[in-house]
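> Structure below; questions to follow.
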Amino acid sequence: MMRDSANDCPFPKRFPSQLLRDDAFFMTLAYNQAIDGWRRDEVPIGAVIEYGGEPIAAAHNEVESTGDPTAHAEMLALTQASRALGDWRLNGATLFVTKEPCPMCSGAALMSRLARVVYAVPDPKMGCLGGVTDLNGIPTLNHHFSITRGILELECRQLLQAFFREKRNSFPSAVDETQSPE
Ligand SMILES: [Zn+2]
1 MMRDSANDCP FPKRFPSQLL RDDAFFMTLA YNQAIDGWRR DEVPIGAVIE
51 YGGEPIAAAH NEVESTGDPT AHAEMLALTQ ASRALGDWRL NGATLFVTKE
101 PCPMCSGAAL MSRLARVVYA VPDPKMGCLG GVTDLNGIPT LNHHFSITRG
151 ILELECRQLL QAFFREKRNS FPSAVDETQS PE
């Protein structure tokens with residue numbers, strides 16, 4: 001089968017031990033989702049939602065393939081998780097995402113009442129959980145979650161930077177830099 005070389009992701013997926021279900025484990029699953037995104041020519045951002053020690057949702061960015069600006073990995077994962085739990089309230093669930101959530105996804109994470117958000121790469125351009133601003137810090141909100149930063153940051157950053165480097169070299173005029181980590 002012929003493959004479009006532009007979609008060949010040079011980074012292999014990782015296979016963490018199932019025994020140690022720590023933050024790095026779930027972030028590795030999100031990292032693997034990001035690689036799936038790259039293979040479909042999407043900005044490589046992945047998200048996983050953990051509940052009760054199990055992944056109940058896994059998604060990657062699908063903005064290009066769906067033509068939908070809301071099809072960020074986090075949004076798709078939140079929808080999956082709500083279906084899995086049969087409740088829009090995701091109390092007790094943790095979102096793992098390879099890049100700091102944008103304004104839309106930070107807002108959706110708050111609206112879904114997640115217990116915790118874990119992200120890998122901070123985003124000083126668009127990040128709304130500490131990068132540019134911190135929506136979780138709005139004092140009048142009736143729900144807040146805890147935030148853990150920097151899990152697998154190096155790996156997830158390298159993935160994003162390599163993707164944008166390749167896009168710049170191949171299609172300089174077509175690169176949407178809004179999700180670039182640089
Ligand atoms: Zn987003």
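Residue 1 is where the sequence shown starts when you use our numbering, and the numbers rise one by one after that. Yeah, the Cβ is synthetic: ideal placement off N, Cα and C, and Gly gets one too.
I'd like the ranges of any beta strand (DSSP E) spanning at least 3 consecutive residues and lying wholly in the stretch 30-89.
Taking only runs of at least 3 residues, the beta strand (DSSP E) segments lying wholly in the stretch 30-89 are 46-51, 54-60.
> I need the DSSP call for LYS167, collapsed to helix, strand or coil.
Stepping through the sequence shown from its first residue, residue 167 is reached at position 167. LYS167: helix per DSSP, three-state reduction.
> Give the residues whose C-beta lies closer than 7 Å to at least one heavy atom of ligand 1, in chain order.
Checking every Cβ against the heavy atoms of ligand 1 under 7 Å gives HIS72, GLU74, MET75, PRO101, CYS102, MET104, CYS105.
> Since LEU76 and ALA93 should fall inside the 8 Å C-beta cutoff, what is the C-beta to C-beta distance between them, to a whole number of angstroms?
The residue you call residue 76 lines up with position 76 of the sequence shown. The residue you call residue 93 lines up with position 93 of the sequence shown. Their Cβ separation, rounded to whole angstroms, is 15 Å, which puts LEU76 and ALA93 out of contact at 8 Å.
> Could you say if the stretch 165-173 and the stretch 49-58 meet the contact criterion of at least three C-beta pairs nearer than 8 Å?
Too few Cβ pairs lie closer than 8 Å, so no.
> Can you tell me whether ARG116 is helix, strand or coil according to DSSP?
Counting from 1 along the sequence shown, the entry for residue 116 is found at position 116. Reduced to three states, the DSSP call for ARG116 is strand.
> Pull up the DSSP beta-bridge partners for SER146, would you.
Walking along the sequence shown from the start, residue 146 turns up at place 146. DSSP, once it has assigned bridges, lists ARG116 as partnering SER146.
> In angstroms with no decimal places, state the Cα-to-Cα distance between ALA30 and GLY46.
For the purposes of this step, residue 30 is identified with residue 30 of the sequence shown, where counting begins at 1. For the purposes of this step, residue 46 is identified with residue 46 of the sequence shown, where counting begins at 1. If I take the Cα positions, the gap works out to 5 Å.
> Nearest to ASN61 by CA position, among PRO16, CYS105, GLU54, GLY130, is which residue?
Mapped onto the sequence shown, residue 61 falls at position 61. Considering only alpha carbons, the answer is CYS105.
> Quick test of the definition: if touching needs 3 or more C-beta pairs under 8 Å, does the stretch 82-101 touch the stretch 114-127?
Segments in contact, yes.
> Excluding the 5 residues preceding and the 5 following PRO146 in the sequence, name in chain order all residues of the same chain whose CB lies nearer than 6 Å to its CB.
Along the sequence shown, one-based indexing puts residue 146 at 146. The amino acid occupying residue 146 in the given sequence is Ser; Pro does not appear at that position. Within the same chain, SER146 has close Cβ partners ARG116.
> From the DSSP output, read off the bridge partner residues of PHE11.
In the sequence shown, residue 11 corresponds to position 11, counting from 1. Paired residue(s): none; PHE11 is not in a bridge.
> What is the C-beta distance between PRO101 and GLY137, in whole angstroms, given that I count them as a contact (C-beta under 8 Å)?
By 1-based counting over the sequence shown, the position of residue 101 is 101. By 1-based counting over the sequence shown, the position of residue 137 is 137. Contact doesn't hold; Cβ gap of about 14 Å is too wide.
> Distance, Cα to Cα, ALA57 vs ARG83?
Counted from its first residue, the sequence shown places residue 57 at position 57. Counted from its first residue, the sequence shown places residue 83 at position 83. Distance between the alpha carbons of ALA57 and ARG83: 9 Å.
> Can you tell me which of GLN33, VAL132, ALA73, ARG39 puts its alpha carbon nearest to the alpha carbon of PHE15?
What you label residue 15 is simply residue 15 of the sequence shown in a count that begins at 1. Ranking the options by Cα distance to PHE15, first place goes to GLN33.
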